[in-house]
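The sequence shown begins at 331 in my numbering and counts up by one. Working notes, beginning with the structure itself.
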Amino acid sequence: MEQIFQKLEEFKSGKSKFTLIIRDLVENSFIQNPFYPNEDNQVKITLFNRTPEDNDELGIDTMKTENYQN
């Protein structure tokens, strides 16, 4: 367990590099760009389509959108 905390401290201090991948199925994430209005060259945005499994997990395919009051 101590090794995990040591590694996290290395990430935090910048001694070790890491990659953070955020897979946001509902496009609800925000990453602040400290270089705005210029681009942050260390951030890569990749758009993707949700899979049927993703939609099932979110309940999208079974969501009632018409006459929902009934």
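All C-beta atoms, glycine included, are put in the ideal place defined by N, C-alpha and C.
Subject >> Expected contact under 8 angstroms - CB spacing of K337 and S343 to nearest Å >> reply: About 11 angstroms separates the two Cβ atoms, so there is no contact after all.
**OP:** Tell me whether I334 sits in a helix, a strand or coil according to DSSP, three-state version.
**Re:** helix
Original post:
At a cut of 8 angstroms, does the region 373-389 reach the region 355-363 through at least three beta carbon pairs?
Top reply: yes
Subject >> Per-residue DSSP class, three states only, for L350 >> reply: coil
Original post:
Can you tell me where the alpha helix (DSSP H) with P364 in it begins and where it stops?
Top reply: Element bounds for P364: n/a, residue is neither H nor E.
**OP:** Give the DSSP-derived three-state secondary structure of L404 in the structure shown.
**Re:** As shown, the chain starts at 331 and ends at 400. That puts residue 404 outside it, with no answer to give.
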